[in-house]
Amino acid sequence: MSFGLKWSPSEKKVARAAFDAALEAALGKIMAEFKKKASNATTPAEMWEVEDYLQQQRREIDRMFDYRYSQLILGFAVLIREGYLDENLLAGLSEDKREEIRRFLAWHARE
Numbered sequence: 051m052s053f054g055l056k057w058s059p060s061e062k063k064v065a066r067a068a069f070d071a072a073l074e075a076a077l078g079k080i081m082a083e084f085k086k087k088a089s090n091a092t093t094p095a096e097m098w099e100v101e102d103y104l105q106q107q108r109r110e111i112d113r114m115f116d117y118r119y120s121q122l123i124l125g126f127a128v129l130i131r132e133g134y135l136d137e138n139l140l141a142g143l144s145e146d147k148r149e150e151i152r153r154f155l156a157w158h159a160r161e
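Under the working numbering, read the sequence shown as residues 51 to 161, first letter to last.
Given below as structure tokens:
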């Protein structure tokens, strides 16, 4: 399991850059959808629907983006699966970490 893996300083830099890139991608997608929904809102009910959308997305971001080293392997697998992270951005991680990520991806693919 990924919880006992040690992270070298160079791996921490790679992980942070990949994490930040994925977060930026996710927030960009949400921002675009928010702008679309807000510009299309014409009634008070639709305005509150935009607020509901933002609250839901905030919860999803908080759930998906956890930068604790004990959670990063699983988190990276989720971000790759959701389309927010390109696995190539993790090239600086050790092979054992990358293999753990692939194992999680394969396990989720079978579900």
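C-beta: ideal position from N, C-alpha, C; glycine also. Just so we're clear, the structure is a prediction, and the values are computed from it rather than from any experiment.
Going by C-alpha to C-alpha distance, which of the options sits closest to residue i?
i	options	result
residue 56	146, 108, 158, 156	146
residue 65	156, 77, 81, 151	151
residue 106	119, 90, 77	77
residue 74	154, 141, 137, 115	115
residue 68	135, 113, 159	135
residue 61	160, 54, 94, 140	140
Residue i to residue j, Cα distance in whole Å?
i	j	result
residue 59	residue 133	26 Å
residue 79	residue 138	20 Å
Whose C-beta lies closer than 6 Å to the C-beta of residue i among residues of the same chain, with five residues either side of it excluded?
i	result
residue 88	100
Would you be able to state if there are at least three C-beta pairs under 8 Å between the stretch 88 to 98 and the stretch 122 to 133? no
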